[in-house]
Amino acid sequence: MTWLRAFREVVRSGLTIEETRLEPLLALRTAAGVALVVGPVLWLASPAYAASAALGAYSAGGATFQRSWRPRKVVALGAGAGLALSTFVGYLAAGRIMTFLPLLAVWAFAAGMAWAVGSTAGIVAATTVGSMLVTITLPTSVGRALEHAGVTALGGLTQAVLILVFPIRRWGAHRDALADALAAVADYARRLRHDPTAPFDPKPLMTARDAASVTPSQARSRPPVLHGPRGLAERIRPVVAALADPDVGAPAEGPGRDRARELLDAAADILDATARSIRRGTPADVRPESTAVLCVDRQHEVLEGPARQAAERLVELLAEALEIAGSGCGRGRTPRPPGPVGAEFLMRPTMLRLVPVVVRAVRRELRRASPVFRHAVRLAAVAALGYLIAARLPLGHGYWAPLASVMVMRPDFHRTYARAVARLAGTLAGVALATGTVQALNPDACVSGALAVVSAGLSYTLNRTGYAYSQCFTAAYVVFLLGMGGQAWEQTVPERVVLTLLGGALAMLAYVVFPAWETPRLPDRIADWLTANGRYAAAVLRNYAEPTLGHSLGMRRALLDSRQARSAWQEAYDRARQEPLRPRGLTSREAQEAQEALKRFGRAAMLMESHVPGGDSRSGPEAERLAKALETDTSKAAAAVREHRNPDWGHLEEALRTWGATGNGSPAVRREAELQKRALEDLGTAVSHTPLERDVGSTREDQRVRASLAADGHRPEPMLRGG
0 MTWLRAFREV VRSGLTIEET RLEPLLALRT AAGVALVVGP VLWLASPAYA
50 ASAALGAYSA GGATFQRSWR PRKVVALGAG AGLALSTFVG YLAAGRIMTF
100 LPLLAVWAFA AGMAWAVGST AGIVAATTVG SMLVTITLPT SVGRALEHAG
150 VTALGGLTQA VLILVFPIRR WGAHRDALAD ALAAVADYAR RLRHDPTAPF
200 DPKPLMTARD AASVTPSQAR SRPPVLHGPR GLAERIRPVV AALADPDVGA
250 PAEGPGRDRA RELLDAAADI LDATARSIRR GTPADVRPES TAVLCVDRQH
300 EVLEGPARQA AERLVELLAE ALEIAGSGCG RGRTPRPPGP VGAEFLMRPT
350 MLRLVPVVVR AVRRELRRAS PVFRHAVRLA AVAALGYLIA ARLPLGHGYW
400 APLASVMVMR PDFHRTYARA VARLAGTLAG VALATGTVQA LNPDACVSGA
450 LAVVSAGLSY TLNRTGYAYS QCFTAAYVVF LLGMGGQAWE QTVPERVVLT
500 LLGGALAMLA YVVFPAWETP RLPDRIADWL TANGRYAAAV LRNYAEPTLG
550 HSLGMRRALL DSRQARSAWQ EAYDRARQEP LRPRGLTSRE AQEAQEALKR
600 FGRAAMLMES HVPGGDSRSG PEAERLAKAL ETDTSKAAAA VREHRNPDWG
650 HLEEALRTWG ATGNGSPAVR REAELQKRAL EDLGTAVSHT PLERDVGSTR
700 EDQRVRASLA ADGHRPEPML RGG
């Protein structure tokens, strides 16, 4: 992608309205938290203290809108504490630039490294840098530092108390994540009716698993409906895929295919009803036609062999889904998952026990090649440089330049540039709106405070519709907040526009000077995905060879690793497609073909998982040998991809020949193993040639075709550019 096209994509992305469900009640409650601290502090103290209180309440409220599965009150308290600490430390060091500038750089670097923990931690940490930049403009002394830090923490505490007193869909995000997972499997079953090899994106299942991780306090109060249905979706997915696949399931045509389509349609309808029941907490109606399809007549069943086994297993699983959909998700009425009581919870560490986890995560990213480390370096350099440049300009509120840089910068190119464009556009619109309002109303301090609260509420409401639109009202909020302190709009508006433009330009320039491109990392990502898929396929084969609890748990862990590797690849691939950089290591075509081959490889392993026998089945030594061959060849092939060499599948081919010669094992499993081999061969074809070799091969093929046509007496048609 060229730089010009990349800029066009950046502008389009930055100004795009995202279609999402608005949450006005949450926005109203959070805006009320801002009002509850601004009003009393303005009345009892001064505009300076009211500004600190508003900063804490507004930033802590904004943190609760980030994607986090922890209780929102905990997020608000954590954000408030971080803001108070940065305020206090900033006050202490604000007396001299020789003390404040190193502190700012170190704090910004730490905030950048917080992305090692997750996006929510990174965003909240960035707001603490903004708090440090804003509060240094106020009078400095140890006493005042403690007072302003306490008032800032009060804002976060107020938001947490409101969340506790007025809960709004307390488990709503967790319900939505689980419902989305079931709805994704329902959509998958519906697509399999028309396309037996339709792809499936496991992201909803990964999100549901992340949402299922709870702290001990959450585990005591979690609704019963959030305990078991996620595992139901996980078990249904390979069964519907095995039923629909013509190689190992229902025949491609005839009564068997019609019966499979009926079962898939019923599965989609029942899973959709279950998703609605979980999302709303009410019983869901299921069409009688769908339940009638589940009545299996064993004497007249048209499906045979593995397809019949998959159909019977699907009927059993859908019966569990019907019970959930009809229960209304009442307390104690949802079926509990099998296994020991302690096994039903995925435990999330508490805030105190999170400290060693954070330390380990940060330590893993402390290397030059890490995108998180490079982002932290950029953040520290830009914050310090922006502060120095703004301090030399004949403008007030110089902190706006580094603040704009810190708030728009992200670890990747596209989001950094898109947010810079969005922030500038939103700031221009917001200050224009605030200026017109101020000129029309000429408000006093109390009215300005009220307008600031209204702007905060609108910013919260539009938080998830696009950064530019929420930033519009954030800019208006700042103008009204400064007007509350007695500063005229003629002083604040031009300064904010110019300094926001400066901060955005610094952020964009920093990524050019010290980038973290994903394009050169694509071979490593594809190699990681190949290795994880190989381990998953080998784990399935070992569980088939000897179905034990240990092998079953190993298969589950390998599946999760495979999904994580696929997600990392997809994220890197999407970023690489948006980068103004020529392909390195993998061309766009090679990457696309390799991706499709690995998806088919993973799908074949998933189909094999649906045929894993029960615990009383006999062992299969051929399957164990094939598992070792798969692990060996995929591991060596991953190293070959990283080093731009051709993969070799010799061990896998030998193991398959041996298995075929013995004639033991399930024919369906052997067919699935052949599908895996075919997918790996396609992967080898995709990555075995450099772009130059591909172009030469294509040119030679065209020349051979044209020579053949000329020899036959036909006039060759001109070849069109690009094929």
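Per numbering that gives the first Met the number 0, the very first residue in the sequence shown carries number 0; after that it's consecutive. C-beta: ideal position from N, C-alpha, C; glycine also. All values derive from a computational prediction rather than experimental measurement.
query: Beta-carbon within less than 8 Å of residue 335's beta-carbon, same chain only, minus the 5 sequence neighbours each way: which residues are those?; result: Low confidence applies here, because residue 335 scores a pLDDT of 49, under 50, leaving its location unreliable; read the following figure in that light. If we look at residue 335 and ignore the five residues flanking it on each side, its Cβ neighbours are 223, 226, 227, 343.
query: Where residue 595 and residue 678 are concerned, what is the direct C-alpha to C-alpha distance, given to the nearest angstrom?; result: 9 Å
query: Does the pairing of the stretch 102-110 with the stretch 376-388 give three or more beta-carbon distances under 8 Å?; result: yes
query: Could you check whether residue 648 and residue 502 sit closer than 8 Å to each other, using their CB atoms as the reference points?; result: no
query: Using the Cα positions of residue 247 and residue 562, report the straight-line distance between them to the nearest angstrom.; result: 23 Å
query: Can you give me the C-alpha to C-alpha distance between residue 294 and residue 687, rounded to a whole angstrom?; result: 51 Å
query: Between the beta-carbon of residue 474 and the beta-carbon of residue 433, is there less than 8 Å?; result: yes
query: Measuring CB to CB, does residue 30 end up less than 8 Å from residue 40?; result: no
query: Near residue 416, what residues of its chain come up, given a Cβ to Cβ distance below 7 Å and the 5 sequence neighbours on each side ignored?; result: 9, 507
query: What are the partner residues of residue 212, as DSSP defines its beta bridges?; result: 345
query: Would you give the residue range spanned by the alpha helix (DSSP H) that residue 623 belongs to?; result: 620-641
query: Tell me the rounded alpha-carbon separation between residue 444 and residue 483.; result: 4 Å
query: Applying the 10 Å Cβ sphere with the 16-neighbour rule, what's the burial state of residue 529?; result: buried
query: Less than 6 Å between C-beta atoms, sequence neighbours within five positions excluded: which residues of the same chain meet that for residue 7?; result: none
query: Can you tell me whether DSSP reads residue 247 as helix, strand or coil?; result: coil
query: In the DSSP assignment, find the unbroken alpha helix (DSSP H) run with residue 523 in it and report its ends.; result: 521-544
query: Can you tell me whether residue 114 is buried or exposed? The criterion is at least 16 other CB atoms within 10 Å of its CB, across all chains shown.; result: buried
query: Enumerate, from N- to C-terminal direction, the unbroken beta strand (DSSP E) stretches of 3 or more residues contained entirely within the stretch 441-503.; result: none
query: Look up residue 596 in the DSSP assignment and say whether it is helix, strand or coil.; result: helix
query: Decide if residue 276 is buried, meaning its Cβ has at least 16 other Cβ atoms within 10 Å, or exposed.; result: buried
query: Mind checking residue 492: buried by the 16 CB within 10 Å criterion, or exposed?; result: buried
query: Do the stretch 385-394 and the stretch 138-148 make contact, defined as three or more Cβ pairs closer than 8 Å?; result: no
query: Going straight from the alpha carbon of residue 93 to that of residue 274, what length do you get?; result: 54 Å
query: For the alpha helix (DSSP H) containing residue 550, list its first residue and its last residue.; result: 548-576
query: DSSP three-state call for residue 337: helix, strand or coil?; result: Caution applies to residue 337, whose pLDDT of 46 falls short of 50 and renders its modelled position unreliable; the value that the coordinates give is listed next. DSSP places residue 337 in coil when its eight states are reduced to three.
query: According to DSSP, is residue 61 part of a helix, a strand, or is it coil?; result: helix
query: Less than 8 Å between the beta carbons of residue 505 and residue 634, yes or no?; result: no
query: Is there a Cβ of chain D sitting closer than 8 Å to that of residue 224, yes or no?; result: Going by chain labels, chain D is absent from the structure shown, which holds only one protein chain.
query: Look at the Cβ atom of residue 234, then the Cβ atom of residue 316, and state whether they are nearer than 8 Å.; result: yes
query: To test your reading of the DSSP string, which unbroken alpha helix (DSSP H) runs of 4 or more residues are found completely within the stretch 373-446?; result: 399-407, 412-440
query: Give me, in chain order, the residues of the same chain whose beta-carbon lies closer than 6 Å to that of residue 5; leave out the 5 immediate sequence neighbours on both sides.; result: 579
query: In whole angstroms, what separates the C-alpha of residue 318 from that of residue 374?; result: 50 Å
query: Ordered along the chain, which non-local residues of its own chain (more than five positions away) have a Cβ less than 8 Å from that of residue 110?; result: 121, 124, 125, 127, 128, 375, 378, 405
query: On the CB-based measure, 16 or more other CB atoms within 10 Å of its CB, does residue 643 come out buried or exposed?; result: exposed
query: Entirely within the stretch 36-115 and at least 4 residues each: give me those alpha helix (DSSP H) ranges in chain order.; result: 46-62, 71-92, 96-112
query: Compare the beta carbon distance of residue 472 and residue 532 with 8 Å and say whether it is the shorter of the two.; result: no
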